[in-house]
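Visitor: Residue numbers (the UniProt record's numbering): 1 to 408.
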């Protein structure tokens with residue numbers, strides 16, 4: 001805000017500048033002047049409020065014009081959060097449908113966000129990026145290290161190592177292992193085409209205690225101890241992909257997965273999932289054999305690994321059989337969505353039995369499963385025979401048909 005006041009003493013600034021007045025050179029005011037300057041209790045309250053506003057200012061710029069007018073320009077420490085939120089929303093909001101969005105507009109948005117970081121600390125904290133999507137064709141380790149010093153509030157990180165020329169160095173674990181200490185607020189990490197070192201995984205587990213989503217795609221190698229290093233992270237979504245020869249999950253990896261009790265989404269590609277499912281099934285069967293006896297009842301103790309798991313996605317598993325499908329409902333009792341692709345060991349009969357037993361299932365998709373086509377499960381399928389989509393209506397229809405003995 002800008003305030004002006006008349007003064008013959010250009011070097012003297014009245015600290016209580018809530019009103020405009022003329023400064024007299026005489027020794028005192030006349031009685032008439034005193035009556036005019038009589039301060040009521042309401043005026044005192046207003047002046048105190050004005051003083052408090054001035055005290056809240058970060059700094060003041062004072063300028064004296066030649067005619068004797070003093071201009072005090074106060075720079076407030078911060079603006080209301082509601083106003084700031086509207087400013088940032090107007091600058092940073094991208095339409096839901098980004099198709100056709102002019103590239104120059106995206107560039108201008110980034111420039112505007114960068115300009116906001118230079119206003120003051122309040123704008124810097126809000127405008128500084130919390131998401132980094134790096135489709136990397138040229139960035140190298142040293143450049144990433146320089147960048148991470150300026151994105152300490154980063155929450156979402158996605159790096160895809162893409163090198164179409166095969167001549168540039170790509171980001172490696174050498175720099176990535178130094179990122180978690182600088183970006184400890186990360187909640188989501190997605191890495192594509194990475195050789196993830198043990199030191200990097202340990203750094204993530206040690207510093208990123210808010211991490212809820214962890215995705216590794218096309219990983220050249222995966223250490224059996226990797227998941228145990230992440231045990232301190234409250235993961236809700238875990239996606240793992242392997243780009244070499246398929247291999248079963250080791251029992252250690254499976255049991256380490258069960259530590260993530262809040263997991264709601266699990267996706268495995270190019271791992272033999274039968275190792276996961278059957279290990280869990282056998283573990284539950286052993287637990288079912290132990291009972292706790294009280295004076296009135298006998299309770300069977302069953303350890304469900306992920307009581308909140310909603311979505312299971314399995315891709316490329318040749319050894320998964322109908323027996324594995326039968327084992328899923330008692331293990332994943334809250335399962336809502338199932339995605340199977342290239343699971344060649346399951347049959348249409350096993351799928352129908354699974355649907356009947358998995359009561360909470362709301363959607364299922366089966367793609368390119370060698371032993372059956374879509375019409376083997378649902379008659380008169382008019383879509384691609386190698387893709388079976390089952391929504392709530394079709395699932396209910398299958399359950400009803402099986403209940404009346406008219407199923408396949």
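Built from N, CA and C at the ideal position, the CB exists for glycine as well.
What residues in its chain sit with their C-beta under 6 Å from that of residue 215, if we drop five residues either side in the sequence?
Guide: The answer, listed in chain order, is 190 and 239.
Visitor: I need the DSSP call for residue 394, collapsed to helix, strand or coil.
Guide: helix
Visitor: Select from 319, 186 and 148 the residue whose C-alpha is nearest the C-alpha of residue 272.
Guide: 319
Visitor: What is the rounded straight-line gap between the Cα of residue 208 and the Cα of residue 263?
Guide: 17 Å
Visitor: According to DSSP, residue 337 sits in a beta bridge with which residue or residues?
Guide: 311 and 363.
Visitor: Taking the alpha helix (DSSP H) that residue 267 falls in, what are its first and last residues?
Guide: Unbroken run through residue 267 is the beta strand (DSSP E), 265-269; no alpha helix (DSSP H).
Visitor: Consult DSSP for residue 402 and reduce its assignment to one of helix, strand or coil.
Guide: Correct three-state label for residue 402: helix.
Visitor: Output needed for residue 402: all residues of its chain with C-beta closer than 6 Å, excluding positions within five of it in sequence on either side, in chain order.
Guide: 356
Visitor: Per DSSP, what kind of secondary structure is residue 67 in: helix, strand or coil?
Guide: coil
Visitor: Under a Cβ-count criterion, where at least 16 other Cβ atoms within 10 Å of its own Cβ denotes burial, should residue 393 be classed as buried or exposed?
Guide: Residue 393 should be labelled exposed.
Visitor: Give me the Cα-Cα distance between residue 133 and residue 172, rounded to the nearest whole angstrom.
Guide: 16 Å
Visitor: Name the residue from 258, 143, 210 and 197 whose alpha carbon lies nearest to the alpha carbon of residue 309.
Guide: 258
Visitor: I need the DSSP call for residue 376, collapsed to helix, strand or coil.
Guide: The answer is helix: DSSP assigns residue 376 an H, G or I state.
Visitor: From 205, 331 and 144, pick the residue whose C-alpha is nearest to that of residue 231; which is it?
Guide: 205
Visitor: On the three-state DSSP scale, how would you describe residue 369?
Guide: coil
Visitor: Would you give the residue range spanned by the alpha helix (DSSP H) that residue 242 belongs to?
Guide: Taken as a continuous stretch (DSSP letters only), residue 242 belongs to no alpha helix (DSSP H), being part of the beta strand (DSSP E) at 237-242.
Visitor: Quick one: using the 10 Å Cβ neighbour count with 16 as the cut-off for buried, is residue 135 buried or exposed?
Guide: exposed
Visitor: Just the Cα atoms here: how many angstroms apart are residue 351 and residue 211?
Guide: Cα to Cα, the separation comes out at about 35 Å.
Visitor: Give me whichever residues DSSP pairs with residue 252 in a beta bridge.
Guide: Answer is none; residue 252 lacks a bridge partner.
Visitor: Which residue spans inside the segment 167-242 form an unbroken beta strand (DSSP E) run of at least 3?
Guide: 188-192, 213-219 and 237-242
Visitor: Using a threshold of 7 Å, state whether the C-beta atoms of residue 267 and residue 313 are closer than that.
Guide: yes
Visitor: For a test of the three-state rule: what should DSSP assign to residue 142, helix, strand or coil?
Guide: helix
Visitor: Just confirm the distance between the C-beta atoms of residue 253 and residue 280, as a whole number of angstroms; I'd bet it's less than 8 Å.
Guide: About 12 Å; that fails the 8 Å criterion.
Visitor: Do residue 185 and residue 213 come within 7 Å of each other at the CB atom, strictly closer than that value?
Guide: The answer is no: Cβ separation not under 7 Å.
Visitor: Please classify residue 355: does DSSP put it in a helix, a strand, or coil?
Guide: Taken through DSSP and simplified to helix, strand or coil, residue 355 comes out as helix.
Visitor: Pick from 138, 324 and 130: whose alpha carbon is nearest that of residue 148?
Guide: 130
Visitor: If we ignore side chains and look at the alpha-carbon of each, how far apart do residue 242 and residue 181 end up?
Guide: 27 Å
Visitor: Between 177, 157, 315 and 158, which has its C-alpha nearest residue 141's C-alpha?
Guide: It is 177 whose Cα lies nearest to the Cα of residue 141.
Visitor: How would you call residue 256, buried or exposed, if buried means at least 16 neighbouring beta carbons within 10 angstroms?
Guide: buried
Visitor: Alpha carbon to alpha carbon, how far is residue 71 from residue 63?
Guide: Distance between the alpha carbons of residue 71 and residue 63 is about 5 Å.
Visitor: Taking the alpha helix (DSSP H) that residue 328 belongs to, which residues open and close that run?
Guide: Following the DSSP letters along the chain, one finds residue 328 inside the alpha helix (DSSP H) bounded by residues 322-331.
Visitor: Using a Cβ-Cβ cutoff of less than 6 Å, which residues in the same chain neighbour residue 329 once the five nearest sequence positions on both sides are dropped?
Guide: 357 and 358
Visitor: Check whether the Cβ atoms of residue 336 and residue 362 lie closer than 7 Å to each other.
Guide: yes
Visitor: Would you decide whether residue 193 is buried or exposed? Buried here means 16 or more other CB atoms lie within 10 Å of its CB.
Guide: buried
Visitor: Quick check on the DSSP output: the beta strand (DSSP E) that includes residue 153 runs from which residue to which?
Guide: It is not in any beta strand (DSSP E) - residue 153 carries neither H nor E in the DSSP assignment.
Visitor: Is residue 235 near residue 260, with beta carbons less than 7 Å apart?
Guide: The answer is yes: Cβ separation under 7 Å.
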